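Data block below; observations after.
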Amino acid sequence: MKNRTMLLLKTLNRSTSSLNILKTSGDKKKKQKIIASYVGFGLIYILIVVYAVMSAYGYAQLGLVDKLPMLTALLLCTLAFLLTLFKAGSYLFGFREYEMLMALPFSEKTIVSSKFLYMYVKSLPLNMAISVAMLIGYGIFKGPAIYVYPLWIVLSAVLLVIPMLAASFFGFLIAKIGTAFKHWKVVQTILTLVFVMICFSLRFIIEKLFRNGEVKTAITDASKSIDMMGTYYPPMAWFEKAIVDHNILSAILLVVVTAVVFEIVFYILSRSYKKMNSVMRTGAAKRSGQIKIQKKKSKERAIAVKELRRLVSSTNYFVNIGIGYILAIVVSVLALVIGVDKIIQVVVNGAPVTSQMILPAIPFVIYFLTGMVPMTTCSPSLEGKNYWILQSSPLTNRDIYFGKLLASLYISVPVQLFATIMFCISAKASVLETIFFMILGFILCVFSSSFGLACGIHFMKLEWENEIEVIKQGTAVVVYMFPNMILTCAMLFGSIFLSKVIGIVLVSLIIALVYVLLSLIVYLRVKSLCRVL
């Protein structure tokens, strides 16, 4: 079984590897895009290394360098769990080549375990970049024995497995519960969103627990608070003991327990695997056979409606893209109910920051949730094989892509404006300030969707194994996120400082004009890309 699992894994990697495409493809544009993505990820990894070394230096100055392995374990486990939670369903269930694989002489357990390992291999570069970066810091300031370095790398790779298995199992439970209902897609999406919201809330729940009762005395010492992490999750303690105390038994225990959990989880998944996939695929077939009265729409609006239907019909698409909008609505309602100042105090951990201090930055605070990953970054790539059908239809490229732009604005603009009004009421902003914040928020949405579309078209990837590769891991998403995040941070802090000199309204007007200019530039870029395609 293991040989067959590795055979499937090897085949999946070969068929989707960008390195393999780089070696064999004769398309220069495709090669340039792959090289550009490698350069982008390389810069990200360099930033991770610099941050890790700086963190290690800080902990070394506090005398906590021995706690770096535990902190690394915590970071790796948390990231592995959260990132897997968003994509496990797409990798394990309802993928495109399901029928082909099931026709081959492989068991359900072999197929589902190979799909998990494929997901694990895909996420390994980022996780190992973090691990190696922390190891560099640990090596500089601790100077461990030579054998600790390979041991750290191997065990950190093993450490990722259990959190990913846990996230996959939760995704399996959500999918299993959802398929028991008639409208299983809706139920599955709601359950996933609820679970994600709980995960986002855990930080504040744990923080509140630590601030009350007997636990408060334990965290007065930073070293003790770090040690507590291993108490609640033993694999992290085993990793620390293997690295710091050179305890080989702990290393063996980590590997053995991981292997046992792997076997148990995939034994459970394989028993319901075929039934769940059958329900999902049957549901899709039923939906595709429905006959409805077609209403006359403009070409762009018809494409926009089609894109919105795709959004609500895909749990992975909706959760990954929609979570920011949902959080914006939730946070803005909370701001109105309990007050902006209380939310600020929770976020900044009691630092002396008030709502009046951040009032000029309200549009950007909301934009951090509504504009970080617009639909347009991945919607061009999501067409996949359907792209050629669209190209053969009586629609121009402009009709197709501006329809996708319109779909993004249908969601982002109402959420941005609603959240802005809620925050402005809670922060007691003037009517004029509220109006300018709404205008700026609208322009931010236009810029976000336009810039996302430019990235989505330029780095379009139509050949993907499952949709999560372009929704969450696509080059377009990465290229969009980092410049946008840096620009947003610069504008956020700039608006706060400049408002003290020239006033909030004038600052909002100046920033709005800057984003109008940027939106015009990316709009022209989108038009030029539409002509080239």
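Numbering-wise (our numbering), the sequence shown opens with residue 265 and increments by one. Virtual Cβ for every residue (Gly too), placed ideally from N, Cα, C. This one's a predicted model, so the numbers in the text were calculated from it and none came from an experiment.
Checklist line | Inter-residue CB distance, ALA599 and ILE607 (contact presumed, cutoff 8 Å) | finding: Reading the sequence shown from its first residue, position 335 is the one you call residue 599. Reading the sequence shown from its first residue, position 343 is the one you call residue 607. Right, their Cβ atoms sit about 6 Å apart.
Check: Among VAL604, ASP663, ILE622, which residue has its Cα nearest to the Cα of PHE571?
Finding: Position 307 of the sequence shown, counting from 1, holds the residue named residue 571. Note on residue identity: the sequence assigns Glu, not Phe, to residue 571. When only C-alpha atoms are compared, the closest one is ASP663.
Margin query: Between THR348 and MET428, how many whole angstroms is the CB-CB distance? I'm expecting something under 8 Å.
Written below: On the sequence shown, position 84 is the one that residue 348 refers to. On the sequence shown, position 164 is the one that residue 428 refers to. Confirmed, about 4 Å.
Margin query: Please identify the residue among VAL329, GLY758, PRO408, VAL569 whose C-alpha is closest to the C-alpha of MET621.
Written below: Along the sequence shown, one-based indexing puts residue 621 at 357. Of the candidates VAL329, GLY758, PRO408, VAL569, the one whose C-alpha sits nearest the C-alpha of MET621 is GLY758.
Notebook entry, point to check: Run through DSSP, which three-state label would ASN476 get?
Noted result: By one-based count along the sequence shown, residue 476 stands at place 212. Residue placement at ASN476 cannot be trusted, given a pLDDT of 46 that sits under 50; what the coordinates show is reported in the next sentence. Three-state result, ASN476: coil.
Next item on the list: Quick one: give me the first and last residue of the alpha helix (DSSP H) that SER589 is part of.
Entry: Residue numbering aside, residue 589 sits at position 325 when the sequence shown is read from its first letter. At residue 589 the sequence reads Tyr, which differs from the Ser that was named. Note, TYR589: alpha helix (DSSP H), 579-602.
Item checked: Residue interval of the alpha helix (DSSP H) (run including GLU504) -> Sequence index remark: in the sequence shown, residue 504 carries index 240 (1-based). Looking at the DSSP string, the run of the alpha helix (DSSP H) that includes GLU504 is 498-508.
Note to self: Please tell me whether TYR323 and VAL314 are closer than 7 Å, where the distance is taken between their beta carbons.
What the structure shows: The residue labelled residue 323 in the question sits at position 59 within the sequence shown. The residue labelled residue 314 in the question sits at position 50 within the sequence shown. Cβ distance not < 7 Å, so TYR323 and VAL314 don't count as in contact.
Checklist line | Inter-residue spacing [alpha-carbon to alpha-carbon] between VAL213 and PHE530 | finding: Not covered by the structure: residue 213. The range shown for the chain is 265 to 797.
Notebook entry, point to check: Could you check where the alpha helix (DSSP H) with MET702 kicks off and where it finishes?
Noted result: Numbered from its first residue, the sequence shown carries residue 702 at position 438. Looking at the DSSP string, the run of the alpha helix (DSSP H) that includes MET702 is 695-722.
Check: Which term fits GLY306, buried or exposed, when burial requires 16 or more other beta carbons within 10 angstroms of its beta carbon?
Finding: Residue numbering aside, residue 306 sits at position 42 when the sequence shown is read from its first letter. Label assigned to GLY306: exposed.
Checklist line | Option nearest SER432 by Cα separation, candidates GLY403, LEU346, LEU415 | finding: If you number the sequence shown from 1, residue 432 lands on position 168. The shortest Cα separation from SER432 among GLY403, LEU346, LEU415 belongs to LEU346.
Next item on the list: For the alpha helix (DSSP H) holding ALA393, just list the boundary residues, first then last.
Entry: Within the sequence shown, numbered from 1, the residue matching residue 393 stands at position 129. From DSSP, the alpha helix (DSSP H) with ALA393 extends over 372-406.
Item checked: Burial state of ASN580, where buried means 16 or more other Cβ atoms lie within 10 Å -> One-based indexing of the sequence shown puts residue 580 at position 316. ASN580 should be labelled buried.
Next item on the list: Return the CA-CA distance between ILE299 and GLU733, expressed in angstroms with no decimal places.
Entry: Residue numbering aside, residue 299 sits at position 35 when the sequence shown is read from its first letter. Residue numbering aside, residue 733 sits at position 469 when the sequence shown is read from its first letter. Roughly 17 Å between the two C-alpha positions.
Next item on the list: Would you please verify whether the beta carbon of ARG795 is less than 7 Å from any beta carbon of chain C?
Entry: In the structure shown, chain C cannot be found, because there is only a single protein chain.
Margin query: Considering Cα atoms alone, identify which of LEU423, ASN661, ARG574, ILE590 is closest to LEU517.
Written below: Within the sequence shown, the letter at position 253 stands for residue 517. Measuring from the Cα of LEU517, the nearest candidate turns out to be LEU423.
Notebook entry, point to check: Contact check, THR374 vs LEU272 under 8 Å by CB: the rounded distance?
Noted result: For this step, residue 374 is matched to residue 110 along the sequence shown. For this step, residue 272 is matched to residue 8 along the sequence shown. Right, the Cβ-Cβ distance comes to about 7 Å (below 8 Å), so this counts as a contact.
Notebook entry, point to check: Just to confirm, are ALA691 and LEU623 a CB contact at a threshold of 7 Å?
Noted result: Counted from its first residue, the sequence shown places residue 691 at position 427. Counted from its first residue, the sequence shown places residue 623 at position 359. In contact: ALA691 and LEU623 (Cβ atoms closer than 7 Å).
Notebook entry, point to check: Looking at the unbroken alpha helix (DSSP H) that takes in MET755, where does it start and where does it end?
Noted result: The sequence position of residue 755 within the sequence shown is 491, counting from 1. Counting along the chain, the alpha helix (DSSP H) containing MET755 begins and ends at 739-766.
Next item on the list: Measure how close the beta-carbons of CYS719 and VAL743 come, nearest whole angstrom, since I'm counting them as under 8 Å.
Entry: Residue numbering aside, residue 719 sits at position 455 when the sequence shown is read from its first letter. Residue numbering aside, residue 743 sits at position 479 when the sequence shown is read from its first letter. Contact flag correct, Cβ pair sits at about 5 Å.
Next item on the list: State buried or exposed for LEU513, treating a residue as buried only when at least 16 other CB atoms are found within 10 Å of its CB.
Entry: Position 249 of the sequence shown holds residue 513. Under this definition LEU513 is an exposed residue.
Check: So TYR665 is in the alpha helix (DSSP H); what residue range does that whole segment cover?
Finding: Locating residue 665 in the sequence shown gives position 401, counting from the first residue. Note, TYR665: alpha helix (DSSP H), 661-690.
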